[in-house]
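Some notes on the structure that comes next.
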Ligand code: DGL
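Residue numbers (my numbering): 17 to 288.
Shown next as C-alpha cells:
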C-alpha cells in the first residue's frame, strides 16, 4: 500500500551510474529531512547504447531493490531509463514514480535564434519521448539532436576536465553552435557534471539547461511539503549503493557529492 504523500520519509533514486547524483543534490537542497537511498547501476552502465530490453530489465531490478531497501517513492534520475522504461515501471510497481525528461520545452521558450541543441545518449535521442517533446513543443524551432556516445563512460571514469573530454565535447558542440544554437539541453544527468566545460566551449551567451531543479520542484509538490516546514524535522540521511566497484565509486561519489561518502555494494546486483 502506498502512504499519503505527507508521511513519506524515504525516497529511492537511481541512475545507470553517478549522473543521478546531480538530481539527488538538487532534491536534497529542497528536502533537508527526507532519507534517500541512491543506487548507481555502474556495473551495467552505460544504458544509452543498450537494447530497450536490457534497460527495462535493469531499471526494474534496481527499482525493486530500492523498494526492498525501504523506498516509498522512486525518482528515476536517468533520462534513458525514463524514456525506455518508465511506462512499464509505472504499470508494475506499487510505489509512485517521479521521472525526468530532456528540458526541450523550457529550451524552446528561451531560444532567440530559434535553434536549440539537445545532447543525450543514443537511446534517448532516438526515443519516442524525444520525438513527442519535439512534436509537442518544437513548432517553429530547429531542434538539433546530438547523440554523445562514450560521454557517460568519461564521467564514470571521473574524466570531467581531461583534455580528451574537452576535445570530444568541442566535436559535439561546435557543429551545433555553427548552426546558431543559442540554447543547449543536457538530456543526460551525467552531463550536468560537465556543465562548466560545456559552458566554456559554448561561451557565456549560450543557455545550458537541464532538468534537476524541475525534478526537485516536482518531488516537493508530490510530497506536499515546503522547506520551511521540513527545517523543524530531524536531518535526513543518504545511503549510497552501487552494482559496480564500491572502492572506485567511493572516490568518484565523494568528488561529485562534494564531501566524503561511503558507498556500499548492492547485495543482489544481478537480476534473477
Ligand atoms: N544518466 C543517464 C541518462 O540520464 C545515463 C544513461 C547511460 O548510462 O547511458 O541518460
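Cβ atoms here follow ideal geometry from the backbone N, Cα and C, with glycine treated the same way.
Only a predicted model underlies this, so the values are computations on that prediction, with no experimental measurement involved.
6 Å Cβ shell around residue i - same chain, five flanking residues per side excluded
{"i": "residue 163", "result": "138 and 141"}
{"i": "residue 130", "result": "157"}
{"i": "residue 260", "result": "58 and 59"}
{"i": "residue 35", "result": "205 and 206"}
Burial state of residue i (16 or more Cβ within 10 Å)
{"i": "residue 258", "result": "buried"}
{"i": "residue 165", "result": "exposed"}
{"i": "residue 18", "result": "Here the model assigns residue 18 a pLDDT of 49, short of 50, so the residue's position is not dependable, and the following value carries that caveat. Counting Cβ neighbours within 10 Å, residue 18 comes out exposed, since fewer than 16 surround it."}
{"i": "residue 98", "result": "buried"}
{"i": "residue 63", "result": "buried"}
{"i": "residue 284", "result": "exposed"}
{"i": "residue 66", "result": "buried"}
{"i": "residue 274", "result": "exposed"}
{"i": "residue 136", "result": "buried"}
Residue i, DSSP secondary structure in three states
{"i": "residue 282", "result": "coil"}
{"i": "residue 54", "result": "strand"}
{"i": "residue 195", "result": "coil"}
{"i": "residue 220", "result": "coil"}
{"i": "residue 136", "result": "strand"}
{"i": "residue 109", "result": "coil"}
{"i": "residue 102", "result": "helix"}
{"i": "residue 255", "result": "strand"}
{"i": "residue 17", "result": "Note that residue 17 scores a pLDDT of 45, beneath 50, so its modelled location is shaky and nothing firm can be said."}
{"i": "residue 62", "result": "coil"}
{"i": "residue 26", "result": "strand"}
{"i": "residue 167", "result": "helix"}
{"i": "residue 210", "result": "helix"}
{"i": "residue 124", "result": "helix"}
{"i": "residue 157", "result": "coil"}
{"i": "residue 277", "result": "coil"}
Same chain, Cβ closer than 7 Å to residue i, neighbours up to 5 away in sequence not counted
{"i": "residue 51", "result": "25, 26, 252 and 253"}
{"i": "residue 127", "result": "157, 198 and 199"}
{"i": "residue 77", "result": "287"}
{"i": "residue 49", "result": "246, 249, 250, 251 and 252"}
{"i": "residue 87", "result": "26, 27, 28, 53 and 111"}
{"i": "residue 289", "result": "The shown model of the chain, from 17 to 288, leaves out residue 289, and the question about it has no answer."}
{"i": "residue 282", "result": "55, 81, 257, 258 and 259"}
{"i": "residue 61", "result": "32, 33, 168 and 172"}
{"i": "residue 217", "result": "185, 186 and 189"}
{"i": "residue 272", "result": "34, 37 and 209"}
{"i": "residue 268", "result": "34 and 174"}
{"i": "residue 100", "result": "68, 71, 72, 139 and 143"}
Whole-angstrom distance between residue j and residue i, CA atom to CA atom
{"i": "residue 102", "j": "residue 133", "result": "24 Å"}
{"i": "residue 122", "j": "residue 215", "result": "18 Å"}
{"i": "residue 120", "j": "residue 203", "result": "9 Å"}
{"i": "residue 80", "j": "residue 56", "result": "14 Å"}
{"i": "residue 74", "j": "residue 146", "result": "21 Å"}
{"i": "residue 109", "j": "residue 178", "result": "40 Å"}
{"i": "residue 220", "j": "residue 192", "result": "15 Å"}
{"i": "residue 95", "j": "residue 209", "result": "15 Å"}
{"i": "residue 230", "j": "residue 263", "result": "32 Å"}
{"i": "residue 170", "j": "residue 228", "result": "20 Å"}
{"i": "residue 150", "j": "residue 118", "result": "10 Å"}
{"i": "residue 278", "j": "residue 266", "result": "6 Å"}
{"i": "residue 276", "j": "residue 195", "result": "42 Å"}
{"i": "residue 174", "j": "residue 30", "result": "19 Å"}
{"i": "residue 155", "j": "residue 161", "result": "15 Å"}
{"i": "residue 144", "j": "residue 181", "result": "29 Å"}
{"i": "residue 47", "j": "residue 270", "result": "20 Å"}
{"i": "residue 148", "j": "residue 240", "result": "29 Å"}
Residues near residue i by beta carbon distance below 8 Å, same chain, minus five either side
{"i": "residue 255", "result": "51, 52, 53, 54, 85 and 280"}
{"i": "residue 45", "result": "232"}
{"i": "residue 222", "result": "193, 197, 198, 199, 200 and 215"}
{"i": "residue 225", "result": "119, 122, 123, 126, 199, 200, 201 and 202"}
{"i": "residue 105", "result": "75, 76, 79, 90, 92 and 113"}
Using 8 Å as the threshold, is the region 224 to 238 in touch with the region 53 to 73, meaning 3 or more CB pairs across them?
-> no
Given 8 Å, three or more beta-carbon pairs between the region 87 to 106 and the region 39 to 47 | yes
Do three or more CB pairs link the region 207 to 221 to the region 174 to 191 at distances below 8 Å?
-> yes
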